[in-house]
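If you read the sequence shown in UniProt numbering, its first letter stands for residue 1, the second for the next number, and so on. Note that the Cβ used here is the ideal one computed from N, Cα and C, for glycine as well.
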Amino acid sequence: MTVATGVGSMPGEDQDAFGTAVRLVLEELPDLPHLPEVPGRGATASMTGRGLAVLSDLGADLQPAGWRLTGTDGPGVDHRRARSLLGQDLDHLEEQAEGYTGSFKIQVAGPWTLAATVERPRGDKVLADHGARRDLAQALAEGVRDHVRDVRRRLPGVDRLVVQVDEPALATVLAGKIPTASGWGRHRTVHPPEASAALAWVFEAITDEGAEPWLHSCSADAPLGLARGAGARGLSVDLSQVGAAGHDQLAEALEKGETVVLGVAPSTDPARQPTDTQLTESVLRWLDMLGLDPATIGAGLAISPTCGLAGASYTWTRRVLPLLRTTAGNLTD
Numbered sequence: 001m002t003v004a005t006g007v008g009s010m011p012g013e014d015q016d017a018f019g020t021a022v023r024l025v026l027e028e029l030p031d032l033p034h035l036p037e038v039p040g041r042g043a044t045a046s047m048t049g050r051g052l053a054v055l056s057d058l059g060a061d062l063q064p065a066g067w068r069l070t071g072t073d074g075p076g077v078d079h080r081r082a083r084s085l086l087g088q089d090l091d092h093l094e095e096q097a098e099g100y101t102g103s104f105k106i107q108v109a110g111p112w113t114l115a116a117t118v119e120r121p122r123g124d125k126v127l128a129d130h131g132a133r134r135d136l137a138q139a140l141a142e143g144v145r146d147h148v149r150d151v152r153r154r155l156p157g158v159d160r161l162v163v164q165v166d167e168p169a170l171a172t173v174l175a176g177k178i179p180t181a182s183g184w185g186r187h188r189t190v191h192p193p194e195a196s197a198a199l200a201w202v203f204e205a206i207t208d209e210g211a212e213p214w215l216h217s218c219s220a221d222a223p224l225g226l227a228r229g230a231g232a233r234g235l236s237v238d239l240s241q242v243g244a245a246g247h248d249q250l251a252e253a254l255e256k257g258e259t260v261v262l263g264v265a266p267s268t269d270p271a272r273q274p275t276d277t278q279l280t281e282s283v284l285r286w287l288d289m290l291g292l293d294p295a296t297i298g299a300g301l302a303i304s305p306t307c308g309l310a311g312a313s314y315t316w317t318r319r320v321l322p323l324l325r326t327t328a329g330n331l332t333d
């Protein structure tokens, strides 16, 4: 059965918006709802803020230039606020999802996206320091273990928990295109073995806790083969950004019983709204191009918006989720 799901982020700027998002995903994405992210609430609710909120044994604070690790000085006030906000969101989810059974998805920023966006205590990105990169990835892996346990405690009826590791910066990190603090240079390329090892720590932590690790990237040239080799058992992509090598990896993943999530619906308000028939045809054309029979894929295929919905209007958000649900039904039939 093909299911519809969301990438993660939703529009809004306050806690009421988060509550609305929870109700919406539970109602419109019943086969694979997710913990919404509402980054419009500020830096503590951003992808980076949420990722830092999960870290184990590493502190951070918020500077004018962005998030910065604090070394042994412990978490700053904004880091504590990020952790508190995540706890409040989980409290709200627990209340709204009482009695829910089935599959559920949570999201966390990956080690390389955090390394590319968070500064070291002495300045410049974590990406600039091999030891700091390792420490951050390992702290994230340990923190994810605790996070998964907490979510399982709050949602005891969930029999399949997916942890989506968001890595929008991974391809840029591998290509050596992340700017240095001065803006005049670029950080050195991270070689695939190191990139794979850091991802593997996080994926292994997820697997060890009985959850299912996915990698999400809506960027062009996402290294899907590297992610699968590191232990990802699901790949979530913007279909329009996938290159030839990526299509091969997606096809192989489906053939091996792994999950592929195709981002097919616009994540911001389109000038012309697609119909469920158009979205269905786009997925069927893709399957035909790869020589895959929709009847043999089973539950391995899911569909979603092309990326997060934080930049969409409330109107489009309320339309696109039912649109995806109808499209998934078409593909199942």
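Straight-line Cα distance separating residue j from residue i
i           : j           : result
residue 220 : residue 168 : 9 Å
residue 145 : residue 50  : 15 Å
residue 289 : residue 267 : 24 Å
residue 126 : residue 180 : 11 Å
residue 197 : residue 230 : 7 Å
residue 218 : residue 38  : 18 Å
residue 162 : residue 249 : 20 Å
residue 166 : residue 113 : 8 Å
residue 136 : residue 194 : 13 Å
residue 176 : residue 308 : 25 Å
residue 284 : residue 233 : 22 Å
residue 262 : residue 245 : 15 Å
residue 207 : residue 216 : 16 Å
residue 91  : residue 98  : 11 Å
residue 201 : residue 128 : 20 Å
residue 79  : residue 297 : 43 Å
residue 185 : residue 203 : 31 Å
residue 122 : residue 243 : 38 Å
residue 227 : residue 313 : 32 Å
residue 43  : residue 328 : 34 Å
residue 257 : residue 286 : 18 Å
residue 324 : residue 303 : 7 Å
residue 282 : residue 7   : 19 Å
residue 235 : residue 157 : 25 Å
residue 183 : residue 85  : 32 Å
Assigned exposure category for residue i - 16 Cβ within 10 Å defines buried
i           : result
residue 34  : buried
residue 147 : buried
residue 14  : exposed
residue 317 : buried
residue 240 : exposed
residue 64  : exposed
residue 259 : buried
residue 187 : buried
Residue from the options whose Cα sits closest to the Cα of residue i
i           : options            : result
residue 247 : 228, 264, 224      : 224
residue 109 : 140, 227, 320      : 140
residue 255 : 291, 216, 242      : 291
residue 18  : 45, 253, 30, 301   : 45
residue 12  : 22, 293, 174       : 22
residue 30  : 83, 103, 304, 91   : 103
residue 270 : 311, 54, 98        : 311
residue 272 : 262, 319, 66, 204  : 319
residue 150 : 94, 314, 64        : 94
residue 210 : 160, 187, 170      : 160
residue 306 : 277, 274, 282, 265 : 265
residue 326 : 300, 222, 276      : 276
residue 300 : 8, 212, 9          : 212
residue 48  : 214, 274, 116, 105 : 116
residue 57  : 143, 20, 252       : 143
residue 40  : 10, 238, 253, 124  : 10
In DSSP terms, what residue i is bridged to
i           : result
residue 37  : 9
residue 297 : DSSP output for residue 297 lists no bridge partner at all.
residue 163 : 106, 213
residue 259 : 234
residue 67  : 62
residue 403 : Lying before the first or after the last residue shown, residue 403 is absent from the chain, which here runs from 1 to 333.
residue 158 : 102
Beta-carbon separation (whole angstroms), residue i vs residue j, contact threshold 8 Å
i           : j           : result
residue 68  : residue 119 : 4 Å
residue 331 : residue 5   : Not confirmed; about 13 Å, so no contact.
residue 32  : residue 100 : The Cβ separation is near 12 Å, so there is no contact.
residue 59  : residue 70  : 4 Å
residue 28  : residue 321 : 4 Å
residue 96  : residue 26  : 6 Å
residue 192 : residue 174 : 7 Å
Near the ligand PLP: residue i beta-carbon under 7 Å from a heavy atom
i          : result
residue 26 : Of the ligands one can find in the structure shown there are none, so the ligand PLP has no counterpart to examine.
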